[in-house]
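In our numbering, the protein residues as written are 1488 to 2008.
Note that CB positions come from ideal geometry on N, CA and C, so glycine has one too.
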């Protein structure tokens, strides 16, 4: 209780000043504002920007991404791969430890990877690891042994079922982080849920996590970390605030960093711009509107040429269901693919299809378009509602949610009829993006269920060549288009703002997450 009280007092005092000194070396404190509070900091369960941002700065995987965006050794000081690309051997540096003083061992990675594909865990990003031998089968309920072995205390061997060009990059993601067996067992089901049930091996470690009043979470430079990514900042304080006012806070030095509106000009700060998310009109296949006639009627009612006449800044028209951040040789795959959404607008056909559905199934009720709190997306939803009302003569209402996280949660639980839904690049892998639409993928919120699509994606080797990836995308996107459940609408421009006094390499343009150990003052 004393520790908690002191932590809260410190947080209050820190809120009155932006820059602080934690030692005679004049180290500094970073203040970062997030959109939402994390619910877990268990790396295997982390999802969404807020959780990933914190987890990937508290934990270190076998690999890491450096200042230039290149994959380099992380907790492993030596990485060897067999000639056929199926066997990887990782040698740990032997000096790094957990924030509780325990030594980091190869077994910690075995345990973490086993948890990641355990079907009882339901890790949101488990599919990233499917190239590991037996990983997919285990995640689907099989009892095979995962192809991961602790050869010794400091040597780990991972066997793949097939070569994977992106495997080393994937090992820097949250789901591939190590897990301390002892700490996990002692947490008794609360691992990663509060400040006392978290031990980390990365550049930072937990100091306090206040959930009782206004959210505050503070991480400190990890004294037990012995890797090459030692943090310059003495600590990082995370808070949650209104996105709309964040640019003002940044300009007034109330915070140091945070995602900001890409359309707002910053005079006293810098920003890094990227586009990893597109938005499309999604129909809930499990709702009354999921019947074939209604789906086609809705999609045929949308005049795409008129829809994009007055897009607000920060949004660009999208005709292909591929995030702009997915690239081949620095060219967006979306520009290389020829399979855009078909031109099916026809008011007469739409009305005929709708009435046919009513005759067969009865009136489906009032349409409600779910969308998150963004002025550009709201305007787009209003235009779609107007077109649907005009063409079909139905009532269409709008329902707004506060964040993308809330939106995706509502969609995942099928609490909607129509939605302006995100399709997002979460790991920079073209093949892994397509896994989001596979039937049995637990992260498939789009409800695509097509055996042809599943077989196409499962037949794809993880080391597919760049020459074949565009052809694969064209085939996959055509299948999705033909289901009439998701129409691409816009690409969303995003920005991460940071104070002028810092150099801030954003090394993951596909998710905007930065390595805070690389931030220099």
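Within 8 Å, strictly: CB atoms of residue 1935 and residue 1947: no
Straight-line Cα distance separating residue 1517 from residue 1552: 20 Å
Beta-carbon contacts of residue 1978 that lie in its chain and below 6 Å, excluding the five residues immediately before and after: 1762, 1765, 1803, 1805 and 1811
Residue 1848, buried or exposed, once every other Cβ within 10 Å from all chains shown has been counted against 16: exposed
Completely contained beta strand (DSSP E) runs for the segment 1877-1926, where each covers 3 or more residues: 1883-1888 and 1905-1911
Cut-off 7 Å between Cβ atoms - residues of its own chain near residue 2008, not counting five sequence neighbours on either side: 1515, 1719, 1988 and 1989
Which of helix, strand or coil DSSP assigns to residue 1678: coil
Neighbourhood of residue 1728 by C-beta, 6 Å cutoff - its chain only, sequence neighbours within 5 removed: 1520
Cutoff 6 Å; reference residue 2004; Cβ partners in own chain excluding five residues on either side: 1690, 1716 and 1718
Three-state secondary structure assigned by DSSP to residue 1540: helix
Residue 1851 beta carbon near the ligand HEM (any heavy atom closer than 7 Å): Absent from the structure shown: the ligand HEM. Ligands present: none.
Closest residue to residue 1635 among 1602, 1875 and 1612 (Cα-Cα distance): 1602
Same chain, Cβ closer than 8 Å to residue 1874, neighbours up to 5 away in sequence not counted: 1788, 1789, 1790, 1793 and 1794
Residue 1502 versus residue 1769: straight-line alpha-carbon distance, rounded: With a pLDDT of only 38 at residue 1502, under the threshold of 50, the placement of this residue in the model should not be trusted, and no figure is reported.
Selected residue, minimal CA-CA separation from residue 1549, among 1534, 1655, 1967 and 1630: 1655
Residue 1970, DSSP secondary structure in three states: coil
Backbone CA spacing between residue 1801 and residue 1546 [nearest angstrom]: 33 Å
Bridge partner(s) assigned by DSSP for residue 1766: 1909 and 1977
Distance between residue 1980 and residue 1745 (C-alpha atoms, nearest Å): 15 Å
Where the alpha helix (DSSP H) through residue 1939 begins and ends: 1938-1945
At least 3 beta-carbon pairs within less than 8 Å: the segment 1821-1830 vs the segment 1862-1874: no
Which residues DSSP lists as bridging residue 1576, in chain order: 1567 and 1644
Where residue 1516 sits in the DSSP three-state scheme: strand
Unbroken alpha helix (DSSP H) run spanning residue 1796, endpoints: Note, residue 1796: premise wrong, no alpha helix (DSSP H); not H, not E.
CB contact flag (residue 1525, residue 1599, <8 Å): no
Identified DSSP bridge partners for residue 1459: A question about residue 1459 goes unanswered here, because the residues of the chain that appear run from 1488 up to 2008.
Residue 1873 - DSSP class collapsed to helix/strand/coil: helix
Residues that residue 1756 bridges to, as DSSP identifies them: 1986
Closest residue to residue 1821 among 1898, 1910, 1892 and 1554 (Cα-Cα distance): 1910
Paired residues, beta bridge with residue 1745 - DSSP: 1520 and 1984
Proximity to residue 1662 [Cα-Cα], best of 1533, 1952 and 1982: 1533
Of the residues 1749, 1889 and 1781, the one placed nearest residue 1843, counting alpha carbons only: 1781
Cα-Cα separation, residue 1529 to residue 1964: 34 Å
Completely contained beta strand (DSSP E) runs for the segment 1789-1843, where each covers 3 or more residues: 1802-1804
Short Cβ contact (8 Å threshold) for residue 1771 with residue 1903: yes
Buried/exposed call for residue 1631, threshold 16 Cβ in 10 Å: exposed
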